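Chains as they are written, first to last, in the numbering used here: chain R, 31 to 410; chain Z, 11 to 450. Beta carbons are placed, not taken as given, at the ideal position from N, Cα and C, and that holds for glycine. As the structure is a prediction and not an experimental result, all values here were calculated from the model. Here is the structure we will look at.
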Amino acid sequence: MNTGQIISGAGHLALIGWALFGGAFQSEPLPFQVTEVTAISAEEFAALSNAPNNPEAVANVDTPEPPAEGEGVPEVSATEDVTPDTSQPEASETPPADSVPEPQEPPAPLPEAEVSDAPPVLTPPQEDVTALVPEISPRPQPRPAPRVAPEPVAPPEPDVEIDEVEQQETTPDAEAAETVEEDTRETAREEATTEIVTEAEENDLASAAPTRSPRPRTRPEAPAPTPAAEAAEDAREPSEPETDENAVNNALAEALGQGQPATGGTDQGAPSGPPMTAGEKDALRVAVQNCWNVGSLSSEALRTTVVVGVTMSEDSRPVVSSIEMLSASGGSGSAAKQAFEAARRAIIRCGSNGFNLPKEKYDHWRDIEMTFNPERMRIK
Amino acid sequence: MMRYVMTLLAALMLWTHPAAAQNGPLRLELTEGVIEPLPFAVPEFVSDDSAGAELGRRIAEVVAADLTGTGLFREIPQDAFISRVTSFSSPVQFADWKAINAQALVTGAVTMDSSGKLVVRFRLYDVFAGQELGDGLQLVGTQDGWRRIAHKVADQVYSRITGEAPYFDSRVVFVSESGPKDQRAKRLAIMDYDGANVSYLTGSSSIVLAPRFSPNGDRILYTSYESGFPRIYVMDVGSAQRRALEQQEGSMSFAPRFAPDGRTVVYSMTRGGNTDLYSMDINSGAGTRLTTAPSIETAPSFSPDGSRIVFESDRSGNQQLYVMPAGGGEAQRISFGQGRYGTPVWSPRGDLIAFTKQSKGRFHIGVMRVDGSEERLLTASFLEEGPTWSPNGRVIMFTRETQGVQGSASLYSVDITGRNLREVPTGTGASDPSWSPLQD
Numbered sequence: 031m032n033t034g035q036i037i038s039g040a041g042h043l044a045l046i047g048w049a050l051f052g053g054a055f056q057s058e059p060l061p062f063q064v065t066e067v068t069a070i071s072a073e074e075f076a077a078l079s080n081a082p083n084n085p086e087a088v089a090n091v092d093t094p095e096p097p098a099e100g101e102g103v104p105e106v107s108a109t110e111d112v113t114p115d116t117s118q119p120e121a122s123e124t125p126p127a128d129s130v131p132e133p134q135e136p137p138a139p140l141p142e143a144e145v146s147d148a149p150p151v152l153t154p155p156q157e158d159v160t161a162l163v164p165e166i167s168p169r170p171q172p173r174p175a176p177r178v179a180p181e182p183v184a185p186p187e188p189d190v191e192i193d194e195v196e197q198q199e200t201t202p203d204a205e206a207a208e209t210v211e212e213d214t215r216e217t218a219r220e221e222a223t224t225e226i227v228t229e230a231e232e233n234d235l236a237s238a239a240p241t242r243s244p245r246p247r248t249r250p251e252a253p254a255p256t257p258a259a260e261a262a263e264d265a266r267e268p269s270e271p272e273t274d275e276n277a278v279n280n281a282l283a284e285a286l287g288q289g290q291p292a293t294g295g296t297d298q299g300a301p302s303g304p305p306m307t308a309g310e311k312d313a314l315r316v317a318v319q320n321c322w323n324v325g326s327l328s329s330e331a332l333r334t335t336v337v338v339g340v341t342m343s344e345d346s347r348p349v350v351s352s353i354e355m356l357s358a359s360g361g362s363g364s365a366a367k368q369a370f371e372a373a374r375r376a377i378i379r380c381g382s383n384g385f386n387l388p389k390e391k392y393d394h395w396r397d398i399e400m401t402f403n404p405e406r407m408r409i410k
Numbered sequence: 011m012m013r014y015v016m017t018l019l020a021a022l023m024l025w026t027h028p029a030a031a032q033n034g035p036l037r038l039e040l041t042e043g044v045i046e047p048l049p050f051a052v053p054e055f056v057s058d059d060s061a062g063a064e065l066g067r068r069i070a071e072v073v074a075a076d077l078t079g080t081g082l083f084r085e086i087p088q089d090a091f092i093s094r095v096t097s098f099s100s101p102v103q104f105a106d107w108k109a110i111n112a113q114a115l116v117t118g119a120v121t122m123d124s125s126g127k128l129v130v131r132f133r134l135y136d137v138f139a140g141q142e143l144g145d146g147l148q149l150v151g152t153q154d155g156w157r158r159i160a161h162k163v164a165d166q167v168y169s170r171i172t173g174e175a176p177y178f179d180s181r182v183v184f185v186s187e188s189g190p191k192d193q194r195a196k197r198l199a200i201m202d203y204d205g206a207n208v209s210y211l212t213g214s215s216s217i218v219l220a221p222r223f224s225p226n227g228d229r230i231l232y233t234s235y236e237s238g239f240p241r242i243y244v245m246d247v248g249s250a251q252r253r254a255l256e257q258q259e260g261s262m263s264f265a266p267r268f269a270p271d272g273r274t275v276v277y278s279m280t281r282g283g284n285t286d287l288y289s290m291d292i293n294s295g296a297g298t299r300l301t302t303a304p305s306i307e308t309a310p311s312f313s314p315d316g317s318r319i320v321f322e323s324d325r326s327g328n329q330q331l332y333v334m335p336a337g338g339g340e341a342q343r344i345s346f347g348q349g350r351y352g353t354p355v356w357s358p359r360g361d362l363i364a365f366t367k368q369s370k371g372r373f374h375i376g377v378m379r380v381d382g383s384e385e386r387l388l389t390a391s392f393l394e395e396g397p398t399w400s401p402n403g404r405v406i407m408f409t410r411e412t413q414g415v416q417g418s419a420s421l422y423s424v425d426i427t428g429r430n431l432r433e434v435p436t437g438t439g440a441s442d443p444s445w446s447p448l449q450d
């Protein structure tokens, strides 16, 4: 290998190294300034230049050109700054193109931009005023409707009839003219609102004053320790603290579902298949809620929470005979009965065609416990 | 340290092994239902003869009207029925009723017994559960009383589904008004709660005001200007016999109301330019003064247990509501909102007080808790007043008067939630209603 080759090799290596590590391929853009430029035609520029009230043109034209033409320039400038502007373009009448190439003219808009930058500095104090606006703006009030639902149904078209079953409007089909179908009129579910609107509230625009006062809450009483709990505490006290090994073993056992039986369930084994996602659970909950009509419940039943157990068949329909009230709280026995019947109707009605549940997760939704808590519906 | 590491590891395993975490049933909590009228179906009550069939049709209509009138139910029209009920004892085709979304079904039969009495049987079904709600029931009455029987059927249906006490089989006494505003004739009238069967108890020769039912519905207290001055009378509803209550010389008595025991009356009396509350034993005429303030105290109403009285007074400078012990004593103000409050009436349930409120040029009927909290205005119009409670404390009836020379008074009812505001048909102008208790 001769010296030339070595030198050439070293030179190439150095060049490649510099290209790789010396910043030649850095993607960071170099700092640069962006200026907005507007392309205009020569006629537009002439029109701009001829505009009598353009202050920028006055400033530029004053100094250079008119003195060169001679004669009565001082006199003209003595009258007013504006007049020379209009005369100047006319003086250079030959080609209007001469004035276009002047490099000073395009930057003329820039001073305007500087002027427009100033106002934002002055405005901030007004933002405080606008922040107060929402507090005095009228509260939007829902339209009165006989149906109260969490998700208001969009108002139907004027020609849509109210019916029990939603149906799509049929349109005549030219190709299938031979098959005569009965025209089905389009129907939609009844319009709903999110809360009850009384007549007093209906016309009460922007009334910020409260029309009802909150009922004073009773202070929650501390639960009295039961003898059983006290006994359990006493029994626990003398026991020795857990050792690290025990704690680790217990944690592992809990994690693997061993050691303690499942509470409240009928199935002791772990369900197979992937677990229910939050979205799937929400979909089921919303589906039942849509049929959970509390409108005909007594005020006492509306204070009653019931837990209802139901077994589902594999076609995602509820087994009607399996629906049972597991517990109730907040009301008398008859109120619990009314609340349970409303819950049962909801499950059966909306489950009559099967809920939208993933079949591969049947083990997870075979047995369902639904807690029907109408607390939030009482205030609607 | 090791312990924390292992615990963390265990938690990680638990997180990555969710199947183990969900042992037992899937648990959901539902907090947002819907509020809408419950769809129900009432086929014509079946009968063997044509007269009975006509009654069966009309009874079914009244039952449906009662339930629909609550705003809690929606009748499915008979045209939509798939099944026809031809026999009271035949099994119900639940699938047919489910198909039209009838959630409740009422079937019935009408027959005449050997003594000419009307016998009505009915059953109530929960269609989607496919079972009967409660037991079948049989009611017997006169043929003329078929509307009361229909109301009783509706009461049973209403109670079994909602859990509320019934109120359809009740009556309302009111002041019937006729003629122009400056020469209006007023007389006492009584009707079914739904405006049917109106009959008049007094003539229109003198002005009558503020009729009030006794706790068992057999008597009515009212104020009459028959003598030129307001005086309180008590009338027996059955015989329409009446008598004036004891009154002191030079005084004016008005705004009477029965105590829950039916023996005592509380009322306002004006003497020497001052109006106070008094109570009186209705038989002996022995009276007791309950208030001694120099202001005007009027419109008293007992709590259902008879222990307290709510009334209106302007002792604070304008008209407000106060509660005091039934025997008199220190009164506690309960209304504190803007405007003027009057004509308070204690709910039969004891939990609410209905009132009239005048504020910003409009009148309202409203309810509040007995301590004055949770005030809620239910209506709003040019002029309305005089609320009265349904026997179950779920509905309020009141007077609404329209504006202008041609303005007239009529009766309206509204649910305590503020829903289902509707006019009560009375035929003529009507004011000052008083709802009776449920009839026996």
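Under 9 Å Cβ-Cβ, which residues of chain Z neighbour residue i?
| i | result |
| --- | --- |
| Arg333/R | The premise fails here: Arg333/R is roughly 11 Å from chain Z at the closest Cβ pair, so nothing lies under 9 Å. |
| Met407/R | Thr41, Glu42, Gly43, Val44 and Ile45 |
Less than 9 Å between CB atoms is the rule here; does residue i satisfy it with respect to chain Z?
| i | result |
| --- | --- |
| His42/R | no |
| Asn383/R | no |
| Lys367/R | yes |
| Lys311/R | yes |
| Ser343/R | no |
| Met306/R | yes |
| Ile46/R | no |
| Gly39/R | no |
| Arg347/R | no |
| His394/R | yes |
| Val350/R | yes |
| Asn320/R | yes |
Taking only beta-carbon positions, decide if residue i is within less than 9 Å of chain R.
| i | result |
| --- | --- |
| Asp136/Z | yes |
| Ile45/Z | yes |
| Arg404/Z | yes |
| Gly79/Z | no |
| Gly189/Z | no |
| Arg133/Z | no |
| Arg386/Z | yes |
| Gly34/Z | yes |
| Val424/Z | yes |
| Arg429/Z | yes |
With a CB to CB cut of under 6 Å and the five nearest residues on each side skipped, what residues in its chain are close to residue i?
| i | result |
| --- | --- |
| Ser400/Z | Tyr177 and Trp445 |
| Ala369/R | Ala331, Thr334 and Val336 |
List the residues of chain Z whose Cβ lies closer than 8 Å to the Cβ of residue i, in chain order.
| i | result |
| --- | --- |
| Arg375/R | Gln113, Asp136, Phe138 and Ala139 |
Which residue wins for smallest C-alpha separation from residue i, given the options the options?
| i | options | result |
| --- | --- | --- |
| Thr398/Z | Thr389/Z, Pro358/Z and Arg372/Z | Pro358/Z |
| Met245/Z | Leu40/Z, Val208/Z and Ile200/Z | Ile200/Z |
| Gly361/R | Ser328/R, Ala69/R and Val227/R | Ser328/R |
Can you pull the chain Z neighbours of residue i, defined as C-beta to C-beta under 7 Å?
| i | result |
| --- | --- |
| Phe402/R | Leu40 |
| Leu50/R | Those within 7 Å of Leu50/R in chain Z number zero; the least Cβ separation is about 42 Å. |
Determine the chain B residues that contact residue i at a beta-carbon separation under 7 Å, and present them in chain order.
| i | result |
| --- | --- |
| Arg37/Z | Absence of chain B from the displayed structure is noted, the protein chains being R and Z. |
So which residues on chain R does residue i lean against when the C-beta distance must stay under 7 Å?
| i | result |
| --- | --- |
| Ile171/Z | Ser326 |
| Glu174/Z | Ser328 |
| Thr308/Z | Under the 7 Å cutoff, chain R gives no residues; its nearest Cβ is about 24 Å from Thr308/Z. |
| Phe83/Z | Ser326 |
Mind listing the chain R neighbours of residue i? Cutoff is C-beta to C-beta under 8 Å, in chain order.
| i | result |
| --- | --- |
| His374/Z | Ala230 |
| Leu48/Z | Asn323, Gly325 and Ser326 |
Excluding the five sequence neighbours on either side, which residues of its own chain have a C-beta within less than 8 Å of the C-beta of residue i, listed in chain order?
| i | result |
| --- | --- |
| Ile36/R | none |
| Gln449/Z | Arg158, Asp179, Ser180, Arg181 and Gly227 |
Among residues of its own chain, excluding the 5 on either side of residue i, which ones have a beta-carbon nearer than 7 Å to its beta-carbon?
| i | result |
| --- | --- |
| Gln113/Z | Leu48, Pro49, Phe50, Val137 and Phe138 |
| Gly41/R | none |
Margin query: With a threshold of 8 Å, are at least 3 pairs of Cβ atoms found where one atom belongs to the segment 419-431 of chain Z and the other to the segment 70-85 of chain Z?
Written below: yes
Exercise. Would you be able to state if there are at least three C-beta pairs under 8 Å between the segment 238-256 of chain Z and the segment 286-293 of chain Z?
Key: yes
With three or more C-beta pairs closer than 8 Å as the rule, is the segment 147-164 of chain Z touching the segment 329-338 of chain Z? no
- Query: Can at least three beta-carbon pairs, one atom from the segment 366-374 of chain Z and one from the segment 340-354 of chain Z, be found at a separation below 8 Å?
  - Reply: yes
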